[in-house]
Amino acid sequence: MNKKLIRIIDAMKEAAIPQIIVTDTYSIGYILGKYIHTGERMKALYINENGETKLFMNRLFPITEDLGTDIVWFDDIDDAAAILASHIDHEKTLGVDKTFASGFLIRMMEEGAAASYVNGSPIVDGVRLVKDEDEREKMRAASKLNDKVMEKMVSLVGCGDSEELLTAKCHELYKENGCAGASFPPIISFGKNAADPHHEGDGTLPKRGDCVVIDIGGLKDGYCSDMTRTVFLGEVSDRAREIYEVVLEANRRGIKAAKPGARMCDVDNAARGYITEKGFGKYFTHRTGHSIGTEVHEFGDVSSVNEAIIKPGQCFSVEPGIYIAEENIGVRIEDLVLITEDGCEVLNSYTKELTVVPFEG
Numbered sequence: 047m048n049k050k051l052i053r054i055i056d057a058m059k060e061a062a063i064p065q066i067i068v069t070d071t072y073s074i075g076y077i078l079g080k081y082i083h084t085g086e087r088m089k090a091l092y093i094n095e096n097g098e099t100k101l102f103m104n105r106l107f108p109i110t111e112d113l114g115t116d117i118v119w120f121d122d123i124d125d126a127a128a129i130l131a132s133h134i135d136h137e138k139t140l141g142v143d144k145t146f147a148s149g150f151l152i153r154m155m156e157e158g159a160a161a162s163y164v165n166g167s168p169i170v171d172g173v174r175l176v177k178d179e180d181e182r183e184k185m186r187a188a189s190k191l192n193d194k195v196m197e198k199m200v201s202l203v204g205c206g207d208s209e210e211l212l213t214a215k216c217h218e219l220y221k222e223n224g225c226a227g228a229s230f231p232p233i234i235s236f237g238k239n240a241a242d243p244h245h246e247g248d249g250t251l252p253k254r255g256d257c258v259v260i261d262i263g264g265l266k267d268g269y270c271s272d273m274t275r276t277v278f279l280g281e282v283s284d285r286a287r288e289i290y291e292v293v294l295e296a297n298r299r300g301i302k303a304a305k306p307g308a309r310m311c312d313v314d315n316a317a318r319g320y321i322t323e324k325g326f327g328k329y330f331t332h333r334t335g336h337s338i339g340t341e342v343h344e345f346g347d348v349s350s351v352n353e354a355i356i357k358p359g360q361c362f363s364v365e366p367g368i369y370i371a372e373e374n375i376g377v378r379i380e381d382l383v384l385i386t387e388d389g390c391e392v393l394n395s396y397t398k399e400l401t402v403v404p405f406e407g
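Take 47 as the starting number for the sequence shown in the numbering used here and just add one per residue.
Next up, the structure:
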């Protein structure tokens, strides 16, 4: 039995949930080491507290390697949910994860699959939240590559290319640097578009004085990186400089608050409180960060409502921002932190000092 599965079974016992089904692609991949995308067709990994596991799979998705679990096969013409239900202990509670389609769940309930049903997602999500040493090394390696790509992207944003073209070049850079690709659609935003935190790159061309938000990440050996830097083209106004320095200090304060024993909301409050103190609170429109691992956004956000205690091995972003659309200004600075026994390790080394990029336009 692999170490991740042992941790999951321990968590099940602690939560008094004797059996669970895991249907989330990334959670199954985390446990078995294989990511299987089946679209709308059912797949599920059954786990009970005695260590018994069964993977329920449609024959359209053959598996040739040994995944360390029994496999129960079914066809499109079979009642997949009923087959799954027949393997569950009807007299015990069943944990069901958040991605299981309601149509399959209702069909299982009709079959009397379990005595009761509870949310099983916190079991696997909680284990995934704390990275083991192998995962930590992979997160470090992914972020090191991201530093290289960020350095190149900063050198390109002043060349006159559109957001759309720069986005395409970013994808190419990840491939060239040994990544499977980008871990999310790159965000490269000029001027007014920088004031939209999730702007999708279009044909917008750069102008002198623009602030440029570069929010990028790659996927390396199954683990994600994520980083944001904001730079300026040719010159920077006093107003933009002021906002940048506020965001930079908020980022630093958030990172300082990221330590074991603190709460996730303490990190948010450290960053958000400073931005509010400086009069920009209403322009900080999103949470301060998110957990990251095999997915760029994992369970456990850095927000004012998350009072969960931070543990060594967690990895999450600290990314405060100020967005003022009417002034065509948007600034975000993001780093990933890996929680250690006595603080945190910042995984990004690319400079956060205010940078004015030569502009050829």
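For every residue, glycine included, the Cβ atom is placed at its ideal position computed from N, Cα and C.
Buried versus exposed call for residue i [16 or more other C-beta atoms within 10 Å across all chains shown]
i	result
residue 108	exposed
residue 252	buried
residue 351	exposed
residue 291	exposed
residue 152	exposed
residue 344	buried
residue 52	exposed
residue 58	buried
residue 103	buried
residue 199	buried
residue 369	buried
residue 154	buried
residue 47	exposed
residue 132	exposed
Proximity test, residue i beta-carbon vs the ligand ADP heavy atom, cut-off 7 Å
i	result
residue 343	Among the components modelled here there is no ligand, and therefore nothing to report on the ligand ADP.
Contacting residues, own chain, Cβ-Cβ under 6 Å from residue i (five flanking each side not counted)
i	result
residue 391	384
residue 349	314, 333
residue 402	278, 282
residue 238	374
residue 87	104
Start and end residues, alpha helix (DSSP H) containing residue i
i	result
residue 199	179-202
residue 288	284-303
residue 103	Counting along the chain, residue 103 falls outside any alpha helix (DSSP H), though it belongs to the beta strand (DSSP E) covering 99-104.
residue 150	148-156
residue 54	49-61
residue 215	209-222
residue 130	126-132
residue 378	No alpha helix (DSSP H) contains residue 378, which is instead part of the beta strand (DSSP E) from 375-378.
Secondary structure of residue i, DSSP reduced to three states
i	result
residue 175	helix
residue 139	strand
residue 342	coil
residue 354	coil
residue 91	strand
residue 116	strand
residue 387	coil
residue 254	coil
residue 267	coil
residue 82	coil
residue 262	strand
residue 307	coil
Residue span of the beta strand (DSSP E) that contains residue i, given as start and end
i	result
residue 76	From DSSP, residue 76 is part of no beta strand (DSSP E) but of the alpha helix (DSSP H) over 71-78.
residue 279	273-279
residue 235	233-236
residue 321	Taken as a continuous stretch (DSSP letters only), residue 321 belongs to no beta strand (DSSP E), being part of the alpha helix (DSSP H) at 310-323.
residue 65	65-68
residue 165	162-165
residue 336	335-337
residue 205	Here residue 205 belongs to no beta strand (DSSP E), and DSSP marks it neither H nor E.
residue 369	367-370
Beta-carbon contacts of residue i that lie in its chain and below 7 Å, excluding the five residues immediately before and after
i	result
residue 300	313, 316, 317, 334, 364, 366
Through-space distance from residue j to residue i, alpha-carbon basis
i	j	result
residue 255	residue 405	9 Å
residue 173	residue 362	15 Å
residue 96	residue 207	58 Å
residue 118	residue 183	34 Å
residue 289	residue 115	54 Å
residue 112	residue 122	23 Å
residue 56	residue 176	14 Å
residue 148	residue 85	15 Å
residue 331	residue 213	24 Å
residue 379	residue 100	44 Å
residue 296	residue 376	15 Å
residue 327	residue 285	16 Å
C-beta neighbour in chain B for residue i, strict 8 Å
i	result
residue 72	Annotation note: the requested chain B is absent from the structure, which comprises a single protein chain.
Contact set for residue i: own chain, Cβ-Cβ below 8 Å, skip 5 residues either direction
i	result
residue 83	71
residue 266	184, 187, 188, 191, 224, 225, 226
residue 162	139, 140
residue 197	396
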